[in-house]
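Residue numbers (my numbering): 164 to 803. Backbone N, C-alpha and C fix where the C-beta goes; we use that ideal spot for every residue, glycine too. Quick caveat, the model's predicted, so the values are computed rather than measured. See below for the structure under consideration.
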RNA sequence: GCUCAUAUAGCUCAGCGGUAGAGCACUUGCUUGGUAAGUAAGAGGUCACCGGUUCAAGUCCGGUUAUGAGCUCCA
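Written out as structure tokens, the structure reads:
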């Protein structure tokens, strides 16, 4: 039979040949590292029989797909078996791979804790040592059910029962008859398994549904070599070191307390960062045609009913109760969870003409949302946060140009904040939606055209748009490769109509404008969390809360130190002196650990020569400069 | 919201039935020292909150609150 290879060349093989036969035919090296094949675009086991005229490529253990298959085999054949060996009463649910690793969900009467992972790992090593080969059997629904019924694996039975296929259920066996149901493909033998480590245990619902039983989920990570494994474990450690909650405490930036869960108490230095960031965004917004507004914090439920929030999102809103003194008012209010209804109220004052569009309101709006208790996480997920929110009121024809302007605006802001890369995700119409297909067509096309014009790569998330319109989400990548979704650009065909926002068109008739909800940072709180982790606390000079500390070496130079501080302060630099009766090494250590960007050490020499000794964070080098030159350099550095 | 875990000095943590301990930080004294911890002394705690068991509870049990890891959610 004839097999076509990825380079379109073809090979003649005897009938009934497998992927492994093909690999052998190509070369012994390939045969050694081959673990699976892709047949006509679908991953198959290496020992599956190939069909005539199919297109086949070979997956080797060191490819991305290969590692994924290895992880898959590791969880389904090794972790699952180890758990069954150690806890014979346990039942297997599912064991997929995830980014960098895998997990397996099991039902276990005995609680499995972190301390048990060692034991399970040892059992896994024992299983791998057998280098058992893995063979596949194809069973009918009835036969497959019989197998798992006899093993009392009720989750597997459920999976089979709910499947709409009747035949070809894939059961993978090891030499000693351990069996697991799996979509495959799997490694041909356990000998291909590389380095792994079990990382954590937690609970997870069967099928991800909170109404179902909570299973035990065991997580692990796996790589081809010890080196890769260690590299990954190191990045985890690095992420832990950068944790904004830890750095926030160390650098004295903010805290939380029981009386206001999910709401930030900003300390002086944290608030300085916040203000710097806000000033930066504010000036950019002004340059880009936005008008800043401000809307009330507490608004009568009537407006939330009109906007639709009361119906849909009441669960997540903070509602105020009328107290005794004000009982005659009998009003129920809500803390705003969003700024948009407020912005429409401003828009609705007076009559708008098509000549007024696009009209762009911006607000650093403080919003409250009652997030479920288990979802809060430092600054990243809070109940009170400030959005760099904005709403663009425009016509359908202006969508494309406004999209382009926004993407460029966002891109320049991200670049100045230290994020060069971001991805764009276009979410299209969901099943439940408002608006005609015609307007959805037009809107989705406009968004896509704008991205294409600017030449940015993007991906499409079918059906992930909001019910009121398609949207773009912007995902940035931080210094250690993690992704954060921050910016958003959401078209809304619903709210203007609901709240009766109109403009008079060229035709003299009234029309509803398209509303675009947009944010670049998302929330200041979360974005500062991301900045802390991205920079590991070592903020760029212009953002740093304390920019310069002038540390005296002996008390004779105190006056000169204060003089330097005042010169810097006059130039708008956040400078402080440290005149304490401590050694210079003590002061350097303390201010370095607080991540102050510049330490100026001042001793007798500096005072006599009118110089400073400058030391930058992250470097042990010191550099002696003339005072005037140093100040000029520092002032220059303060520009974004 | 769900599961599991955690809550002791400003911070990091030890103590796990017989009414509290370390290091750092803080205060004071000595020390004026040249780039990541000078030195001595002192002060500092309703052991998260409410209840239970016990002669006796940071210590065991239950509840509440908050936090953490996941899950679910995120307009």
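Item to check | Beta-carbon gap between residue 569 and residue 693 smaller than 9 Å | outcome: Residue 693 sits away from residue 569, with the two beta carbons spaced by 9 Å or more.
Item to check | Closest Cα partner of residue 361 within the set 426, 265, 349 | outcome: Checked all of 426, 265, 349; the closest Cα to residue 361 is 265.
Checklist entry - Do residue 556 and residue 677 have their C-beta atoms within less than 9 Å of each other? => result Closer than 9 Å, so yes.
Checklist entry - Roughly how far, in whole angstroms, is the beta-carbon of residue 628 from the beta-carbon of residue 685, given that I think they are within contact range, below 8 Å? => result About 18 Å separates the two Cβ atoms, so there is no contact after all.
Item to check | Pick from 582, 371, 559 that is closest to residue 632, judged by C-alpha positions | outcome: With distances taken between Cα atoms, residue 632 lies closest to 559.
Checklist entry - Would you call residue 331 buried or exposed, if buried means 16 or more other Cβ atoms sit within 10 Å of its Cβ? => result Residue 331 counts as exposed, since fewer than 16 other C-beta atoms from the protein chains shown sit within 10 angstroms of its C-beta.
Checklist entry - Residues in its own chain within less than 7 Å of residue 470 by CB, not counting five upstream and five downstream? => result If we look at residue 470 and ignore the five residues flanking it on each side, its Cβ neighbours are 504, 658, 661, 662.
Checklist entry - Which partner residues does residue 199 have in the DSSP bridge list? => result Beta-bridge partners of residue 199 (DSSP): 208, 222.
Item to check | Ranges of the alpha helix (DSSP H) found wholly within the region 689–765, counting only runs of at least 4 | outcome: As far as the region 689–765 is concerned, its whole alpha helix (DSSP H) runs of at least 4 residues are 721–733, 747–756.
Item to check | Delimiting residues of the beta strand (DSSP E) encompassing residue 246 | outcome: Here residue 246 belongs to no beta strand (DSSP E); instead the alpha helix (DSSP H) covers 243–249.
Checklist entry - So is residue 681 buried or exposed if we call it buried at 16+ other beta carbons inside 10 Å? => result Buried, because 16 or more other Cβ atoms sit within 10 Å of the Cβ of residue 681.
Checklist entry - Nearest to residue 245 by CA position, among 257, 290, 226, is which residue? => result Nearest neighbour of residue 245 by Cα position, chosen from 257, 290, 226, turns out to be 290.
Checklist entry - Exposed or buried, which one is residue 172 when buried takes at least 16 other CB atoms within 10 Å? => result In summary, residue 172 is exposed, with fewer than 16 beta-carbon neighbours lying within 10 Å of its beta-carbon over all protein chains present.
Item to check | Contacts around residue 425, its chain only, beta-carbon distance under 8 Å, and the 5 residues preceding and following it disregarded | outcome: Excluding its 5 nearest sequence neighbours in each direction, residue 425 has C-beta neighbours in its own chain below 8 Å: 419, 534, 539, 544, 545, 546, 547, listed in chain order.
Next on the checklist: Helix, strand or coil, according to DSSP, for residue 638 in the structure here?
Outcome noted: In the displayed model, residue 638 falls within a strand according to three-state DSSP.
Checklist entry - What three-state label does DSSP hand residue 480 in the structure shown? => result Residue 480 carries a coil assignment under DSSP once its states are collapsed to helix, strand and coil.
Checklist entry - So residue 585 and residue 551 are in contact, right, with Cβ under 8 Å, and what is the actual spacing, rounded? => result Contact annotation, residue 585 with residue 551: C-beta distance approximately 16 Å; criterion of less than 8 Å not satisfied.
Checklist entry - At which residues does the beta strand (DSSP E) containing residue 552 begin and terminate? => result It spans 547–557 - the beta strand (DSSP E) in which residue 552 sits, taken as one unbroken run.
Checklist entry - From residue 277 to residue 283, what distance separates their C-alpha atoms? => result Pairing residue 277 with residue 283, the inter-Cα distance amounts to about 10 Å.
Item to check | Sub-9 Å separation of residue 218 and residue 169 beta-carbons | outcome: Result yes, Cβ atoms of residue 218 and residue 169 sit closer than 9 Å.
Checklist entry - What residue from 779, 758, 796, 722 has the CA that sits closest to residue 766's CA? => result Taking each of 779, 758, 796, 722 in turn and checking the Cα distance to residue 766, the smallest one comes out for 722.
Checklist entry - What is the residue span of the alpha helix (DSSP H) that residue 648 lies within? => result First-last for residue 648: 646–655, but that is the beta strand (DSSP E), not the alpha helix (DSSP H).
Checklist entry - Between the Cα of residue 733 and the Cα atoms of 795, 630, 461, 395, which residue gives the shortest distance? => result Selected option, being the one with the closest Cα: 795.
Item to check | Limits of the unbroken beta strand (DSSP E) element including residue 386 | outcome: Residues 377–386.
Checklist entry - Any idea what DSSP makes of residue 183, helix, strand or coil? => result The answer is helix: DSSP assigns residue 183 an H, G or I state.
Checklist entry - Buried or exposed: residue 288, going by 16 or more other Cβ atoms within 10 Å of its Cβ? => result Of the other Cβ atoms in all chains shown, fewer than 16 fall within 10 Å of the Cβ of residue 288; this residue is therefore exposed.
Checklist entry - What are the start and end residues of the beta strand (DSSP E) that includes residue 233? => result Premise fails: residue 233 lies in the alpha helix (DSSP H), 227–236, not in any beta strand (DSSP E).
Item to check | Distance CB(residue 261)-CB(residue 269) smaller than 9 Å | outcome: No, the pair does not count as a contact, with Cβ atoms beyond the cut-off.
Next on the checklist: Can you look up residue 271 in the DSSP assignment and give me helix, strand or coil?
Outcome noted: Correct three-state label for residue 271: coil.
Item to check | Residues that DSSP places opposite residue 678 in a beta bridge | outcome: Answer is 556, 655, bridged to residue 678.
Item to check | Local Cβ density within 10 Å of residue 461, reported as buried at 16 or more and exposed below that | outcome: Looking at its Cβ environment, which holds fewer than 16 other Cβ atoms inside 10 Å, residue 461 is exposed.
Item to check | Proximity below 9 Å, CB of residue 594 to CB of residue 618 | outcome: Cβ atoms of residue 594 and residue 618: not closer than 9 Å.
Checklist entry - Do the region 188–202 and the region 321–335 meet, that is, are 3 or more Cβ pairs less than 8 Å apart? => result Because the criterion of three Cβ pairs below 8 Å is not met, the region 188–202 and the region 321–335 do not touch.
Next on the checklist: Can you give me the C-alpha to C-alpha distance between residue 674 and residue 580, rounded to a whole angstrom?
Outcome noted: As the crow flies, the alpha-carbon of residue 674 is around 39 Å from that of residue 580.
Item to check | Limits of the unbroken beta strand (DSSP E) element including residue 664 | outcome: Under the DSSP assignment, residue 664 falls outside any beta strand (DSSP E); it carries neither an H nor an E label.
Item to check | For residue 666 and residue 515, believed in contact at Cβ under 8 Å, the rounded distance | outcome: In this structure residue 515 is in contact with residue 666, their Cβ atoms being roughly 4 Å apart against a cut-off of 8 Å.
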